[in-house]
Amino acid sequence: GKDKSCLDANGECNFTIRLVKLHTDTRPGAPEPYPYFITSLPESEFSIEDIRDLYKSRWSVETGFLELKYSTGLQAIHARKMDAVKQEIWARLTFCNLCSTGVTYCEIHQPAPRKQPKRKTVLNRKFAFELLRKFFNYEFQDEEYLLRQIWKHKSQVKEGRYFDRHTQRKPDSNQHQLMQIIFLYN
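For the sequence shown, position 78 (counting from the first letter as 1) is numbered 64 according to this note's numbering, and the numbering increases by one without interruption.
Written out as structure tokens, the structure reads:
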């Protein structure tokens, strides 16, 4: 039932890929400042700078998926049937949107600090999501307590701090591939 018009008589398909070496880490003494990328984008239409820009714009998508996976608990899907998997994913995405709105509310209604912090601070989103989950499940109902607790566990933003990219895949699960398949083919 699949379209096989791109295959030749032997059932093979020839296509061109290129290996691109990008300078992404400008820090002096960086361990591997030139990661390699494999792309099927033609060299005549996409320069190395275009691919670097695409990579940088894609990075925000990757960090968004990371937040979805860990803040909302999508690293473990408990359902077995496809309809139940979809239902669980959509429920977690709805929960994520609800919590993101709650975090935005908390940022707008930040209580006045007793003293000015030395460094810039941001909300710890994972902790805030967990507290909001408890709030939405009626484990506590005091909104002021919620705001105080969320702002009590904030994180400092340290200027110039850099964490190396992990280039090797961790052997945790293949569920992110299942999620991509579900969203791509629906």
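Idealized CB from N, CA, C, for every residue including glycine. Nothing here was measured: the structure is a model prediction, and the numbers come from that model.
Between the CA atoms of residue j and residue i - distance to the nearest angstrom
{"i": "glycine 50", "j": "leucine 79", "result": "12 Å"}
{"i": "alanine 98", "j": "lysine 138", "result": "12 Å"}
{"i": "glutamine 142", "j": "glutamate 29", "result": "42 Å"}
{"i": "serine 86", "j": "lysine 140", "result": "16 Å"}
{"i": "lysine 104", "j": "tyrosine 131", "result": "24 Å"}
{"i": "leucine 102", "j": "valine 108", "result": "Here residue 102 turns out to be glutamine, not leucine, going by the sequence shown. When rounded, the distance between both Cα atoms is 14 Å."}
{"i": "glutamate 48", "j": "glutamine 135", "result": "29 Å"}
{"i": "phenylalanine 113", "j": "glutamate 93", "result": "14 Å"}
{"i": "leucine -7", "j": "asparagine 0", "result": "8 Å"}
DSSP-derived helix/strand/coil call for residue i
{"i": "threonine 2", "result": "coil"}
{"i": "tyrosine 56", "result": "helix"}
{"i": "isoleucine 63", "result": "coil"}
{"i": "leucine 84", "result": "helix"}
{"i": "valine 89", "result": "helix"}
{"i": "phenylalanine 23", "result": "strand"}
{"i": "glutamine 142", "result": "strand"}
{"i": "lysine 106", "result": "coil"}
{"i": "serine 43", "result": "helix"}
{"i": "arginine 100", "result": "coil"}
{"i": "leucine -7", "result": "coil"}
{"i": "glutamate 35", "result": "helix"}
{"i": "lysine -12", "result": "coil"}
{"i": "glutamine 127", "result": "coil"}
{"i": "glutamate 74", "result": "helix"}
{"i": "glutamate 29", "result": "coil"}
Beta-carbon proximity of residue i to residue j, cut-off 8 Å
{"i": "phenylalanine 115", "j": "serine 46", "result": "no"}
{"i": "leucine 8", "j": "proline 21", "result": "yes"}
{"i": "cysteine 82", "j": "leucine 54", "result": "yes"}
{"i": "leucine 27", "j": "isoleucine 34", "result": "no"}
Residues sharing a beta bridge with residue i, DSSP
{"i": "lysine 7", "result": "Tyr22"}
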